[in-house]
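**Q** Input: one structure, supplied below.
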Amino acid sequence: MPLALRRFSSGRILPTKTNPGKIRSAACKTCWKEKRLTSRFMLCHAEPSCTFDRSGPRCMESPKMMKESLSRFAASCPFRMIVPAAVAIVIVCECGTSSLWAQGPQAVDGRIANHLQAGEFAPALDLANQIADPGVRDRALAGIAEAQVRVGMRRAGLDTASRVADDRLRTSVLDTAAGYSSGSGGAAGGAAMADFDSLINLITTTLSPESWEAIGGPGAIDSFPGGVYVDAGGMMQRLAVRDTAALSQLRQRSFSASANQDVRRASPLRKVSLTRLEKQLQLRWAQRLGPTEEMRLLAGMERVRFILVYPETGDIVLAGPAGDWKLDAEGRYVSAATGRPILQLDDFVVVLRNAIGAGGQFTCSITPRQPNLAAARAYLDETTRTPLKAGQAKSWVDGLRDTLGLQDIEVQGIDPRTRVSRVIVEADYRMKLVGMGLEDGVLGLTSYLDSVPMGEARPMSVLRWWFTLGHDALHATPSRDAFEIRGQGVKVLSENEMLDELGQRIHTGQADELNSQFAHDFTKHFEALAAKYPIYADLQNVFDLALAAGLIVAQDLPDQVGWHFLHFGQPDRFHVGLDAAPQTVQTVANYRADRQGAILAGVSGGVSVNTAPLVVQEAIRIDDYGVLAAEHQGARPDDLPANAWWWD
Numbered sequence: 004m005p006l007a008l009r010r011f012s013s014g015r016i017l018p019t020k021t022n023p024g025k026i027r028s029a030a031c032k033t034c035w036k037e038k039r040l041t042s043r044f045m046l047c048h049a050e051p052s053c054t055f056d057r058s059g060p061r062c063m064e065s066p067k068m069m070k071e072s073l074s075r076f077a078a079s080c081p082f083r084m085i086v087p088a089a090v091a092i093v094i095v096c097e098c099g100t101s102s103l104w105a106q107g108p109q110a111v112d113g114r115i116a117n118h119l120q121a122g123e124f125a126p127a128l129d130l131a132n133q134i135a136d137p138g139v140r141d142r143a144l145a146g147i148a149e150a151q152v153r154v155g156m157r158r159a160g161l162d163t164a165s166r167v168a169d170d171r172l173r174t175s176v177l178d179t180a181a182g183y184s185s186g187s188g189g190a191a192g193g194a195a196m197a198d199f200d201s202l203i204n205l206i207t208t209t210l211s212p213e214s215w216e217a218i219g220g221p222g223a224i225d226s227f228p229g230g231v232y233v234d235a236g237g238m239m240q241r242l243a244v245r246d247t248a249a250l251s252q253l254r255q256r257s258f259s260a261s262a263n264q265d266v267r268r269a270s271p272l273r274k275v276s277l278t279r280l281e282k283q284l285q286l287r288w289a290q291r292l293g294p295t296e297e298m299r300l301l302a303g304m305e306r307v308r309f310i311l312v313y314p315e316t317g318d319i320v321l322a323g324p325a326g327d328w329k330l331d332a333e334g335r336y337v338s339a340a341t342g343r344p345i346l347q348l349d350d351f352v353v354v355l356r357n358a359i360g361a362g363g364q365f366t367c368s369i370t371p372r373q374p375n376l377a378a379a380r381a382y383l384d385e386t387t388r389t390p391l392k393a394g395q396a397k398s399w400v401d402g403l404r405d406t407l408g409l410q411d412i413e414v415q416g417i418d419p420r421t422r423v424s425r426v427i428v429e430a431d432y433r434m435k436l437v438g439m440g441l442e443d444g445v446l447g448l449t450s451y452l453d454s455v456p457m458g459e460a461r462p463m464s465v466l467r468w469w470f471t472l473g474h475d476a477l478h479a480t481p482s483r484d485a486f487e488i489r490g491q492g493v494k495v496l497s498e499n500e501m502l503d504e505l506g507q508r509i510h511t512g513q514a515d516e517l518n519s520q521f522a523h524d525f526t527k528h529f530e531a532l533a534a535k536y537p538i539y540a541d542l543q544n545v546f547d548l549a550l551a552a553g554l555i556v557a558q559d560l561p562d563q564v565g566w567h568f569l570h571f572g573q574p575d576r577f578h579v580g581l582d583a584a585p586q587t588v589q590t591v592a593n594y595r596a597d598r599q600g601a602i603l604a605g606v607s608g609g610v611s612v613n614t615a616p617l618v619v620q621e622a623i624r625i626d627d628y629g630v631l632a633a634e635h636q637g638a639r640p641d642d643l644p645a646n647a648w649w650w651d
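Per my numbering, numbering of the sequence shown is gapless, rising by one per residue and ending at 651.
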């Protein structure tokens with residue numbers, strides 16, 4: 004016969020035998036007033052609906068405090084040989100609702116196991132859902148989910164697994180559901196590594212073949228849309244922009260067909276929970292499904308403004324402006340309102356893995372080949388001894404271009420086949436085109452050659468321009484549960500390199516006035532350039548995501564919420580899209596001829612990212628004004644549906 008505790012008028016609590024189904028006065032009030040560590044307790048009846056695993060709205064004591072109080076009482080009570088037995092069997096609140104944690108894990112596990120053996124999953128779930136201890140509840144739910152999968156109830160098993168809060172247990176269950184084993188390369192038929200060539204061939208040969216560009220139609224497919232194209236040999240080239248009316252209609256039809264009006268609604272501050280998103284991606288992966296479009300585009304977010312942490316709900320949140328999206332003329336996903344590129348999940352996963360494995364450092368470089376520079380210098384010396392005759396200009400320029408040949412592209416720290424690699428390489432390449440006057444700039448930005456005064460003789464040189472992080476210091480709340488990214492995020496640095504007769508580049512560590520002026524002006528007018536050429540805004544997005552990922556890892560934010568990157572961090576579970584890696588490009592160089600001779604300028608440089616100096620403890624500034632704390636409070640993920648991963 005179960006035992007319960009009853010209060011007598013003297014205030015002394017005595018054990019009594021009773022029927023647990025009819026207990027009306029029991030020791031389960033969350034607002035006890037403990038007088039001493041003795042048997043004397045007063046029961047407060049302010050909130051009769053609360054139990055040990057759920058505090059009522061008027062209660063002043065948490066479930067954890069209740070358990071500690073009861074343990075101290077049981078140890079000091081004169082009836083301690085009896086009371087612990089009572090506690091171990093059942094605790095019932097004033098209204099008769101039992102709190103299952105008090106029955107002990109072994110008893111609960113046994114009852115759940117009996118239900119599972121009988122194929123009674125609903126009663127087993129009811130028991131598991133009543134368990135107050137999160138760890139015990141997760142283990143029970145995981146066991147039920149695995150049992151459901153074993154008997155062929157795969158969908159029900161996935162639903163049960165979705166209720167498991169511990170990502171390690173959940174991953175184990177979903178691996179079972181997906182038929183995954185470590186080292187197998189993923190579940191058969193799952194969201195495998197993107198094979199763009201075979202996919203494009205399949206689409207173009209089965210879906211309205213007469214409409215595709217290869218046979219004269221308006222349609223086209225590119226695996227990583229943008230302003231450059233990489234052929235099968237790794238050669239990167241500028242891509243001419245064409246946007247016929249038929250192609251626009253084709254894009255619009257595909258865009259409208261998948262429209263979700265809620266996620267596409269404009270929001271000044273959309274929140275995306277990375278932990279919840281990973282969970283939903285895990286569930287889709289276990290069903291052999293890839294991310295949805297809104298998942299791949301992080302719910303339409305355009306910039307990252309805040310990184311918010313909620314240990315009580317297990318959330319790490321990115322927050323920033325968001326809204327509807329569309330495909331632009333280059334096939335890039337951009338905001339329908341502003342034309343700015345949308346943040347992409349693949350990019351975040353790439354920079355997150357880089358932050359974990361390489362400390363937030365990655366680079367790309369576009370470098371002239373030494374023999375070609377030497378040959379170009381000799382060609383220039385030889386052909387400019389006498390003025391060019393009429394009609395010789397074109398052949399002279401063609402000869403110079405052939406002599407310069409190719410530049411080599413090298414990417415380090417990230418897979419060169421990823422979209423992040425494509426973005427940083429293209430942005431660097433296009434910046435050099437602007438600097439050499441081969442692509443238009445914006446008002447207030449003069450190309451390097453145009454800035455050289457007429458008649459001024461300059462030695463042949465190689466100019467180094469490279470992109471790097473240009474954020475202001477990160478700001479944080481005193482409790483470091485909210486962080487704000489401030490600043491433009493991108494800047495250009497410069498250096499002059501000299502060339503010897505063999506074409507070897509000699510680092511000087513300095514930039515002359517004209518060189519540094521171009522870098523300064525490009526940085527100053529970056530927002531205007533990003534509006535004109537979306538690739539620069541794409542670079543800005545990559546830098547923001549890299550800084551956010553570096554902060555998450557460096558500040559140990561996952562430890563605060565119990566997140567272990569078991570899906571995002573595993574390439575054999577979450578596959579980012581891969582394409583041909585850019586390896587070479589035509590040398591970016593230009594010349595200007597005047598009466599004093601010809602000026603030939605070549606460009607090297609690249610992109611250099613290192614988030615570490617910005618995310619260390621001492622580099623983060625504390626916000627004492629309460630603004631960040633207010634943003635954190637206002638963005639709390641309260642009362643969200645179980646499958647929600649973004650909200651406004």
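Where a beta carbon is used, it is the ideal one built from N, C-alpha and C, also for glycine.
Give the secondary structure of residue 115 by DSSP, where H, G and I count as helix, E and B as strand, and everything else as coil.
**A** Assignment of residue 115 by DSSP, reduced to helix, strand and coil, places it in the helix class.
**Q** Determine whether the beta carbon atoms of residue 323 and residue 268 lie at a separation below 8 angstroms.
**A** no
**Q** With distances taken from CA atoms, which of 340, 287 and 111 is nearest residue 534?
**A** The residue among 340, 287 and 111 with its C-alpha nearest the C-alpha of residue 534 is 340.
**Q** Any chance the segment 324-331 sits against the segment 568-586, with 3 or more Cβ pairs inside 8 angstroms?
**A** Touching, no.
**Q** Taking just the CA atoms, how far does residue 428 sit from residue 442?
**A** Residue 428 has its alpha-carbon roughly 16 angstroms from the corresponding atom of residue 442.
**Q** With distances taken between CB atoms, is the gap from residue 473 to residue 447 smaller than 8 angstroms?
**A** no
**Q** With a Cβ-Cβ cutoff of 8 angstroms, do residue 177 and residue 145 count as a contact?
**A** Annotated as distal: residue 177 and residue 145, with beta-carbon spacing of 8 angstroms or more.
**Q** Would residue 647 be called buried (16 or more neighbouring beta carbons within 10 Å of its own) or exposed?
**A** Label assigned to residue 647: exposed.
**Q** Please report the straight-line C-alpha distance between residue 531 and residue 271, rounded to a whole angstrom.
**A** Each residue's Cα considered, the two are about 21 angstroms apart.
**Q** What's the gap between the Cα of residue 544 and the Cα of residue 378?
**A** 39 angstroms
**Q** To test your reading of the DSSP string, which unbroken alpha helix (DSSP H) runs of 4 or more residues are found completely within the segment 150-184?
**A** Here the runs fully enclosed are 157-164 and 170-181.
**Q** Between residue 638 and the rest of its own chain, which residues show a CB-CB distance below 8 angstroms, the 5 nearest in sequence each way excluded?
**A** Cβ within range, chain order: 272, 274, 309, 311, 320 and 322.
**Q** Sort out for me which residues DSSP pairs residue 411 with in a bridge.
**A** 370 and 587
**Q** Provide the residue span of the beta strand (DSSP E) that contains residue 323, from first to last.
**A** 318-325
**Q** Apply the 10 Å Cβ neighbour rule to residue 38 and answer buried if 16 or more other Cβ atoms are within range, or exposed otherwise.
**A** Below a pLDDT of 50, predicted positions are generally treated as unreliable, and residue 38, at 32, falls in that range; no measurement from the model is reported.
**Q** Please return the same chain residues whose Cβ sits closer than 6 angstroms to the Cβ of residue 611, not counting the five positions on each side in sequence.
**A** 366, 469 and 471
**Q** For residue 565 versus residue 136, is the C-beta distance shorter than 8 angstroms?
**A** no
**Q** With a threshold of 6 angstroms on Cβ separation, who are the neighbours of residue 608 within its own chain once the five nearest residues in sequence on each side are excluded?
**A** 467, 468 and 469
**Q** Suppose you measure from the CA of residue 237 to the CA of residue 371; what does that come to, to the nearest Å?
**A** 16 angstroms
**Q** Where does residue 270 sit, in a helix, a strand or coil, going by DSSP?
**A** strand
**Q** Considering residue 426, what are the terminal residues of the alpha helix (DSSP H) in which it resides?
**A** 422-438
**Q** Please look up how many angstroms separate the CB atoms of residue 347 and residue 299, rounded, as I've assumed it's under 8 angstroms.
**A** Residue 347 to residue 299, Cβ: 6 angstroms. Contact.
**Q** How big is the Cα-Cα spacing for residue 281 and residue 567?
**A** 11 angstroms
**Q** Hey, residue 353 and residue 421: beta-carbon distance below 8 angstroms or not?
**A** Yes, these two residues count as a Cβ contact at 8 angstroms.
**Q** What number of angstroms, rounded off, separates the C-alpha of residue 409 from the C-alpha of residue 650?
**A** Whole-angstrom Cα-Cα distance: 48 angstroms.
**Q** Going along the chain, which residues of its own chain have a beta-carbon closer than 7 angstroms to the beta-carbon of residue 402, five neighbours each way excluded?
**A** 382
**Q** Counting Cβ pairs, one atom from each stretch, are 3 or more of them under 8 angstroms apart for the segment 514-528 and the segment 490-499?
**A** yes
**Q** Pop quiz: residue 127 and residue 118 are said to be a contact at Cβ under 8 angstroms. What is the actual Cβ separation, rounded to whole angstroms?
**A** Sure, about 4 angstroms apart at Cβ, within 8 angstroms.
**Q** Alpha carbon to alpha carbon, how far is residue 139 from residue 175?
**A** 16 angstroms
**Q** Would you mind reading off the limits of the beta strand (DSSP E) that contains residue 566?
**A** From DSSP, residue 566 is part of no beta strand (DSSP E); its letter is neither H nor E.
**Q** Find out if the Cβ-Cβ distance for the pair residue 635, residue 484 is shorter than 8 angstroms.
**A** yes
**Q** Just grab the DSSP bridge partners of residue 467 for me.
**A** Looking at the DSSP assignment, residue 467 forms a beta bridge with 498 and 607.
**Q** Among the candidates 276, 290, 626 and 432, whose CA atom is the shortest distance from the CA of residue 589?
**A** 432
**Q** When DSSP labels each residue in this structure, what does residue 536 get in the three-state scheme?
**A** coil
**Q** Hey, residue 614 and residue 358: beta-carbon distance below 8 angstroms or not?
**A** It is a contact, given that the beta carbons lie within the stated cut-off.
**Q** Do residue 465 and residue 606 have their CB atoms nearer than 8 angstroms?
**A** Against a cut-off of 8 angstroms, the Cβ pair of residue 606 and residue 465 comes out as a contact.
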